[in-house]
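Peer 1: Numbering (UniProt numbering), first residue to last: 1 to 307.
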Amino acid sequence: MLWIVSLFIHILLVDARSIENDVENDNTTDTEFARNNCVLSMKYKYGDLKEPQPLILTRNGTASAILYPNINGTLKVQTDQSIYLACPGEQNSLRNMNYAQEVKATCLSTFQKLLNSSELAKSHLAKSRQFLSRGHLTAMVDFVYGALQSLTFWYINAAPQWMSFNAGNWERLENSIRNFSTYRSLDLDVYTGVHGQMTLPNARGKQQDIYLYVNGTNKAVPVPKFYWKIIYDPRSKKGTAFVGLNDPFIKSITEDIYICSDISSEIKWLLWRPNDIKAGISYACTVDDLRKAVPTIPKFQTVGILT
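1) Which of the three DSSP states is assigned to V144 in this structure?
2) Do L239 and V294 have their C-beta atoms closer together than 8 Å?
3) For D289, I'd like the list of residues in its chain whose CB is within less than 8 Å of its CB, leaving aside the five on either flank, ordered along the chain.
4) Using DSSP bridges, identify the partner residues of P295.
5) Based on DSSP bridge pairs, tell me the residues matched to N179.
6) Would DSSP call I210 helix, strand or coil?
7) Hey, which unbroken runs of the beta strand (DSSP E) at 3 residues or more fall wholly within the region 191–272?
8) Leaving aside the five residues before and after D189 along the sequence, list all residues of the same chain whose C-beta is less than 7 Å from its C-beta, in chain order.
9) Let me know if K229 comes out buried or exposed under the rule of 16 or more other beta-carbons within 10 Å of its beta-carbon.
10) Out of curiosity, what's the CA-to-CA distance linking D209 and S150?
11) In whole angstroms, what separates the C-alpha of S217 from that of M198?
12) What separation, rounded to the nearest whole angstrom, lies between the Cα atoms of L115 and G244?
13) Is the distance from the Cβ of A121 to the Cβ of Q112 below 8 Å?
14) Say whether the region 151–161 touches the region 178–185, bearing in mind that this needs 3 or more beta-carbon pairs closer than 8 Å, one atom from each stretch.
15) Can you tell which of L306, I257, A147 and L125 has its C-alpha closest to the C-alpha of I267?
16) I'd like to know if the region 272–286 and the region 247–259 are in contact, where contact means that at least 3 CB-CB pairs between them fall below 8 Å.
17) Can you tell which of Q78, V77, W272 and E119 has the C-alpha that lies nearest to the C-alpha of N202?
18) Nearest by alpha-carbon distance to K225: which of L200, K206, K237 and W272 is it?
19) What are the start and end residues of the alpha helix (DSSP H) that includes L115?
20) Might you give, ordered along the chain, the residues of its own chain that have their beta carbon closer than 6 Å to the beta carbon of residue 310, omitting 5 neighbours on each side?
21) Since K122 is in the alpha helix (DSSP H), which residue starts that stretch and which ends it?
22) Which class does S164 belong to by DSSP, given the choice of helix, strand or coil?
23) Between which residues of its own chain and V223 is the CB-CB distance below 6 Å, once the five residues before and five after are set aside?
24) Just confirm the distance between the C-beta atoms of W272 and R172, as a whole number of angstroms; I'd bet it's less than 8 Å.
25) Taking the C-alpha atoms as reference points, what is the distance between G168 and S185?
26) When you compare only the Cα positions, how much space is there between I277 and T74?
27) Per DSSP, what are the beta-bridge partners of G304 in this structure?
28) Tell me whether R129 sits in a helix, a strand or coil according to DSSP, three-state version.
29) Grab me the residues of A139's own chain with a C-beta within less than 6 Å of its C-beta, minus the 5 sequence neighbours each way, in chain order.
30) Any idea which residues DSSP pairs Y283 with across the strands?
Written as structure tokens, this is what we have:
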């Protein structure tokens, strides 16, 4: 299932024109560039990801790109090139959003209802150590602007995730991908989702689907069994899929945990503990192999794994 979130932002179209006398430049390179092009002075807080900042977009045919001013606040735009400015301000926020039903419940009371046992519920929960956290499908730090970072905290872009997995192999995977992309200077497409539903045995030993909210026969916010993430390089058409088990209570590692063939040994840049049950059993596989188990994965061609 794909979720689409819209931001309401005031957009201003600016046509760049050649300038010579209106721009202050600190070096010859900027001066020469400004003779036939355009240099803009953009005032923004460099490196402060939580403050509103101007977003500058340019379009080349059907492709769009983000332009970033340098550390001195200078943005170079070629003559006759059009740019779009998204001006920050109080109005650049989510409005008229339907957040559906707000659910308030504690994990303990919910587990007691699902498992028909307060003792079983307590055995799966430990304050500050083992609990259901908000699993960001996209890491907050993957976004530059505060408004987008805030969106990752809403459950439309998150799912229940056990804390030991959240702060374990899932976080290690996110960090490894970020470092890999930076080191290789790759602009990656990243797809993330969930699959299946976690279960726990009740007082009679029968497996019960786990939810974050239970009220009589009404149940909401299912706890996923698997989290998956795909990285894809659109230039080389290479991609790799990763899967993590959102269940720190399994007794042993069994074959049914693997919904695709494990190729982790081919991914040398991964820094995780794939066989650590508490941290979340994790593995890598080909995109096509994972798609057989998770048919909701978007369709795109891959010609090899991204290593």
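The beta-carbon is built from N, C-alpha and C at its ideal position, and this holds for glycine as well.
Just so we're clear, the structure is a prediction, and the values are computed from it rather than from any experiment.
Peer 2: Put simply:
1) DSSP places V144 in coil when its eight states are reduced to three.
2) A small fix is needed here, since residue 239 is Gly in this sequence, not Leu. No, Cβ-Cβ distance for G239 and V294 is not below 8 Å.
3) A241, C260 and S261
4) In DSSP, P295 forms no bridge with anything.
5) Note: N179 sits in no beta bridge, so no partner.
6) coil
7) Counting whole runs of 3 or more residues, the region 191–272 contains the beta strand (DSSP E) stretches 199–201, 207–209, 211–215, 218–222, 226–233 and 238–245.
8) Y232 and P234
9) buried
10) 30 Å
11) One detail in the question is off: residue 217 reads as Thr in this sequence, not Ser. Distance between the alpha carbons of T217 and M198: 18 Å.
12) 24 Å
13) Between A121 and Q112, the gap from beta carbon to beta carbon is short of 8 Å.
14) no
15) L306
16) Yes, the region 272–286 touches the region 247–259.
17) Of Q78, V77, W272 and E119, the residue nearest in Cα terms is E119.
18) Checked all of L200, K206, K237 and W272; the closest Cα to K225 is L200.
19) Membership of L115 in the alpha helix (DSSP H) is indicated by the continuous run C107 to L115.
20) With the chain running from 1 to 307 in the structure shown, residue 310 is simply not present.
21) S118 to S123
22) helix
23) Scanning its chain for C-beta atoms nearer than 6 Å, with the 5 sequence neighbours on each side dropped, one finds around V223 the residues P160, M198 and I210, in chain order.
24) 4 Å
25) 26 Å
26) 49 Å
27) K238
28) coil
29) These residues qualify, in order along the chain: E174.
30) V243
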